[in-house]
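*Asks:* Residue numbers (the working numbering), protein chains in the order written: chain A, 1 to 111; chain B, 112 to 228.
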Amino acid sequence: DAKTTQPNSMESNEEEPVHLPCNHSTISGTDYIHWYRQLPSQGPEYVIHGLTSNVNNRMASLAIAEDRKSSTLILHRATLRDAAVYYCILRRETSGSRLTFGEGTQLTVNP
Amino acid sequence: GAVVSQHPSRVICKSGTSVKIECRSLDFQATTMFWYRQFPKQSLMLMATSNEGSKATYEQGVEKDKFLINHASLTLSTLTVTSAHPEDSSFYICSARDEGAFEYEQYFGPGTRLTVT
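#1: Does the CB of A/Gly29 have a neighbour CB from chain B at under 9 Å?
#2: On a CA-only basis, which of A/Ser61, A/Glu66, A/Arg37 and A/Met59 is nearest A/Cys88? Give me that one, please.
#3: How about A/Pro44: is its C-beta nearer than 9 Å to some C-beta of chain B?
#4: What three-state label does DSSP hand B/Leu225 in the structure shown?
#5: What is the C-beta distance between B/Val122 and B/Cys134, in whole angstroms, given that I count them as a contact (C-beta under 8 Å)?
#6: Is the beta carbon of A/Thr79 sitting closer than 9 Å to the one on A/Val109?
#7: Within the 9 Å Cβ cut-off, does B/Gly211 reach chain A?
#8: Kindly indicate if chain B contains any beta-carbon less than 9 Å away from that of A/Leu80.
#9: Against chain B, does A/Ser41 count as a neighbour if the rule is that its beta carbon must be under 9 Å from one of theirs?
#10: So the candidates are B/Gly222, B/Ser194, B/Gly220 and B/Ala212; which of them puts its Cα closest to the Cα of B/Thr128?
#11: So if DSSP puts B/Glu133 in a beta bridge, which residue, or which two residues, is it bridged to?
#12: Can you give me the start and stop residues for the beta strand (DSSP E) that A/Ala65 sits inside?
#13: Using a cut-off of 7 Å between C-beta atoms, extract the partners of B/Gln171 located in chain A.
#14: Between A/Gly29 and B/Ser126, what straight-line distance do the alpha-carbon atoms span, to the nearest angstrom?
#15: In angstroms with no decimal places, state the Cα-to-Cα distance between A/Thr52 and A/Ile33.
#16: Quick one: which chain B residues come within Cβ less than 8 Å of A/Glu66?
#17: Between A/Asp82 and A/Leu107, how many whole angstroms is the CB-CB distance? I'm expecting something under 8 Å.
#18: If you draw a straight line from the C-alpha of B/Cys124 to the C-alpha of A/Leu39, how long is it?
#19: Which one or two residues does DSSP pair with B/Ala207 in a beta bridge?
#20: Output needed for A/Pro44: all residues of its chain with C-beta closer than 6 Å, excluding positions within five of it in sequence on either side, in chain order.
#21: Does DSSP put A/Glu11 in a helix, in a strand, or in coil?
#22: Based on Cα-Cα distance, which residue from B/His118, B/Ser120, B/Ala141 and B/Ile132 lies nearest to B/Gly211?
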């Protein structure tokens, strides 16, 4: 599976936008970019995913670089409940549903 | 979104005993479910892929005789930790793919905290 690189931790203030970066320089053409987040002592929660085009949903936006070697998860207005570990994961279409988690980014939201 | 449940949410057992953890997809069918393990302050590690009606596929380094997986129906997969030891204490999480969804959707259970004394 192609590898992703994320900062270990980031901080944000409540009600401000947050941009969480992810590098995936070895991404292949069939790799989807998925984002999940995990609150303490809970299972991961799906946030968003995309292939080539930018994506928006009620939780977040996903901005994908033109060369697809990086992407950014955007939380438009951070709340205290957004404090979690955010995982950027590449899913290869040929490997079916397997998700391989990296270390993720611990997001701290300050009140 | 769809819901995946796990039972029990936490369990304490004595060393040498076996523990069964259930994973259910509540409102969708899943021919494929996944089992992960997570140690404190670490990421999730995929242990195995559970396939309905066939044998599970284990990741490298995971002992299949120790972690028995059964996927007997389209909504239930079980993980049995046999002859548990304190080093098996961990947070076990399952996930299931909603294969009926138009877009790719994989949902995670809330996790089971296993403590072996």
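We put the beta carbon where it would ideally sit given N, CA and C, even for glycine. Since we're looking at a predicted model, the values are computed, not measured.
*Replies:* On the basis of the supplied data:
#1: For the purposes of this step, residue 29 of chain A is taken as the residue at position 29 of the first sequence. By this cut-off, A/Gly29 is not an interface position.
#2: Numbered from its first residue, the first sequence carries residue 88 of chain A at position 88. Closest by alpha carbon: A/Arg37.
#3: Your numbering for residue 44 of chain A matches position 44 in the first sequence. Yes, A/Pro44 counts as interfacial toward chain B.
#4: Translated into the one-based positions of the second sequence, residue 225 of chain B becomes position 114. Three-state DSSP puts B/Leu225 in a strand.
#5: Along the second sequence, read from residue 1 onward, the residue named residue 122 of chain B stands at position 11. Along the second sequence, read from residue 1 onward, the residue named residue 134 of chain B stands at position 23. Rounded, the Cβ-Cβ distance is 14 Å, inconsistent with contact.
#6: On the first sequence, position 79 is the one that residue 79 of chain A refers to. On the first sequence, position 109 is the one that residue 109 of chain A refers to. Yes, the Cβ-Cβ distance between A/Thr79 and A/Val109 is below 9 Å.
#7: Mapped onto the second sequence, residue 211 of chain B falls at position 100. Chain A, which has no Cβ nearer than 9 Å to the Cβ of B/Gly211, makes this no.
#8: Numbered from 1 along the first sequence, position 80 holds the residue referred to as residue 80 of chain A. No, A/Leu80 lies away from the interface with chain B (no Cβ there is under 9 Å from its Cβ).
#9: Numbered from its first residue, the first sequence carries residue 41 of chain A at position 41. Yes, because at least one Cβ of chain B sits closer than 9 Å to the Cβ of A/Ser41.
#10: Here residue 128 of chain B refers to the residue found at position 17 when the second sequence is read from its first residue. Considering only alpha carbons, the answer is B/Ser194.
#11: Translated into the one-based positions of the second sequence, residue 133 of chain B becomes position 22. As a beta-bridge residue in DSSP terms, B/Glu133 pairs with B/His118 and B/Thr189.
#12: For the purposes of this step, residue 65 of chain A is identified with residue 65 of the first sequence, where counting begins at 1. Careful: A/Ala65 lies outside any beta strand (DSSP E) and carries neither H nor E.
#13: Looking up residue 171 of chain B in the second sequence gives position 60. Ordered by position in chain A, no residue passes the 7 Å Cβ test against B/Gln171, which lies about 12 Å from the chain.
#14: Here residue 29 of chain A refers to the residue found at position 29 of the first sequence. Here residue 126 of chain B refers to the residue found at position 15 of the second sequence. Their backbone Cα atoms lie some 47 Å apart in a straight line.
#15: Residue numbering aside, residue 52 of chain A sits at position 52 when the first sequence is read from its first letter. Residue numbering aside, residue 33 of chain A sits at position 33 when the first sequence is read from its first letter. A/Thr52 and A/Ile33: Cα-Cα distance of roughly 9 Å.
#16: As a working mapping, residue 66 of chain A is identified with position 66 in the first sequence. By Cβ distance, chain B contributes nothing, its closest Cβ being about 23 Å from A/Glu66, past 8 Å.
#17: Residue mapping note: residue 82 of chain A aligns to position 82 of the first sequence, counting from 1. Residue mapping note: residue 107 of chain A aligns to position 107 of the first sequence, counting from 1. That belief holds up - the Cβ atoms of A/Asp82 and A/Leu107 are roughly 7 Å apart, short of 8 Å.
#18: In the second sequence, the residue the question calls residue 124 of chain B occupies position 13. In the first sequence, the residue the question calls residue 39 of chain A occupies position 39. Computed Cα separation, rounded: 26 Å.
#19: Looking up residue 207 of chain B in the second sequence gives position 96. In DSSP, B/Ala207 forms a bridge with B/Met144 and B/Tyr218.
#20: Your numbering for residue 44 of chain A matches position 44 in the first sequence. If we look at A/Pro44 and ignore the five residues flanking it on each side, its Cβ neighbours are Tyr36 and Gln38.
#21: Numbered from its first residue, the first sequence carries residue 11 of chain A at position 11. Three-state result, A/Glu11: strand.
#22: Here residue 211 of chain B refers to the residue found at position 100 when the second sequence is read from its first residue. Among B/His118, B/Ser120, B/Ala141 and B/Ile132, the Cα nearest to that of B/Gly211 is on B/Ala141.
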